[in-house]
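Novice: Just passing along the structure, written as structure tokens.
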Amino acid sequence: QCRLLTLHAAWRMDTVGNKAARKEIAEIKVAAANMACQVVDMAIQAHGGGGVTEDFGLAAMYKTARTLRIVDGPDEVHRDQLARLELRQYRPARNEVGS
Numbered sequence: 280q281c282r283l284l285t286l287h288a289a290w291r292m293d294t295v296g297n298k299a300a301r302k303e304i305a306e307i308k309v310a311a312a313n314m315a316c317q318v319v320d321m322a323i324q325a326h327g328g329g330g331v332t333e334d335f336g337l338a339a340m341y342k343t344a345r346t347l348r349i350v351d352g353p354d355e356v357h358r359d360q361l362a363r364l365e366l367r368q369y370r371p372a373r374n375e376v377g378s
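Below you can see the structure in the form of structure tokens.
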């Protein structure tokens, strides 16, 4: 899913520009960071207690993956932006208001 979202976002950025691809960019910022955390969390779970030691490096990977969710704005910021962009599609045009 993340790979397809990334490719779609890149395609939209190339074809219509960054401003028009804001929705796809916000989607990938949330999805990729969450996926990174999930993957590292599953690896830690598979390694048991050793997964949180410095022997495997998974603890450092988790710290990095978790930081990715905050570095470019928390998930809530991107989700709010997605909601605004989605709801904007259903807003009546200015000349239709009051008709």
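Take 280 as the starting number for the sequence shown in this note's numbering and just add one per residue. For each residue, glycine too, the CB sits at the ideal point set by N, CA and C.
1. If you reduce the DSSP assignment to three classes, tell me which class Y341 lands in.
2. With a CB to CB cut of under 6 Å and the five nearest residues on each side skipped, what residues in its chain are close to G352?
3. Can you grab the Cα-Cα spacing for the pair V309 / M321, in whole Å?
4. Can you tell which of I304, N297 and R348 has the C-alpha that lies nearest to the C-alpha of Q317?
5. Taking the straight line between their C-alpha atoms, what separation do you get for G328 and V356?
6. Judging by CA-CA distance, which residue of P371, A288, I323 and A344 is the nearest neighbour of A305?
Specialist: Looking at the coordinates:
1. For this step, residue 341 is matched to residue 62 along the sequence shown. Helix, per DSSP.
2. What you label residue 352 is simply residue 73 of the sequence shown in a count that begins at 1. If we look at G352 and ignore the five residues flanking it on each side, it has no Cβ neighbours.
3. Within the sequence shown, numbered from 1, the residue matching residue 309 stands at position 30. Within the sequence shown, numbered from 1, the residue matching residue 321 stands at position 42. Using only the alpha carbons, I get a separation of about 18 Å.
4. Position 38 of the sequence shown, counted from the start, is the residue given in the question as residue 317. Of I304, N297 and R348, the residue nearest in Cα terms is R348.
5. Sequence index remark: in the sequence shown, residue 328 carries index 49 (1-based). Sequence index remark: in the sequence shown, residue 356 carries index 77 (1-based). Cα to Cα, G328 sits roughly 34 Å from V356.
6. Along the sequence shown, one-based indexing puts residue 305 at 26. Of the candidates P371, A288, I323 and A344, the one whose C-alpha sits nearest the C-alpha of A305 is A288.
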